[in-house]
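Engineer: In my numbering, the protein residues as written are 118 to 264. Cβ atoms here follow ideal geometry from the backbone N, Cα and C, with glycine treated the same way. Pasting in a structure now, in structure tokens, and then I'll have a few things to ask.
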């Protein structure tokens with residue numbers, strides 16, 4: 118019996134794959150646990166439209182990331198932090214600080230997608246790599262100045 122998997126099933130296949138299984142296995146396990154549906158024309162068309170929608174959404178996200186990368190590429194952002202003697206920062210420059218500076222400038226980038234080239238403990242500047250999409254990343258410069 119041919120079924121379409123709704124989730125990844127260990128030892129059987131991945132989501133949206135059409136696999137051939139025993140009828141009893143399909144009825145008694147896969148259908149009851151909502152892991153699969155019967156592979157008829159309606160369900161196959163549904164899977165096909167879902168895949169097209171997912172591909173369009175992915176293409177849209179990639180285009181947005183590329184557009185954002187073009188605007189951010191090579192830009193320098195200034196961050197004001199409290200400093201002590203000898204221009205030493207209280208704490209260090211973190212991805213959270215970079216995220217806040219980008220948000221202030223109107224760009225939304227998650228802190229988990231920000232990688233600092235080096236930890237900065239003094240007033241100065243460093244490079245940060247922003248991963249905007251799986252295939253798109255951009256380098257920016259973050260300058261720390263005394264508050």
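1. Helix, strand or coil for residue 191 per DSSP?
2. Leaving out the 5 sequence neighbours to the left and right, which residues in its chain are closer than 7 Å to residue 214 when beta-carbon positions are compared?
3. According to DSSP, which residues form a beta bridge with residue 162?
4. Less than 6 Å between C-beta atoms, sequence neighbours within five positions excluded: which residues of the same chain meet that for residue 253?
5. For the segment 121-133 against the segment 148-161, are there 3 or more C-beta pairs whose distance is under 8 Å?
6. Alpha carbon to alpha carbon, how far is residue 208 from residue 240?
Structural biologist: The structure says:
1. coil
2. 196
3. Its beta-bridge partners do not exist; DSSP assigns none.
4. 182, 183 and 186
5. yes
6. 12 Å
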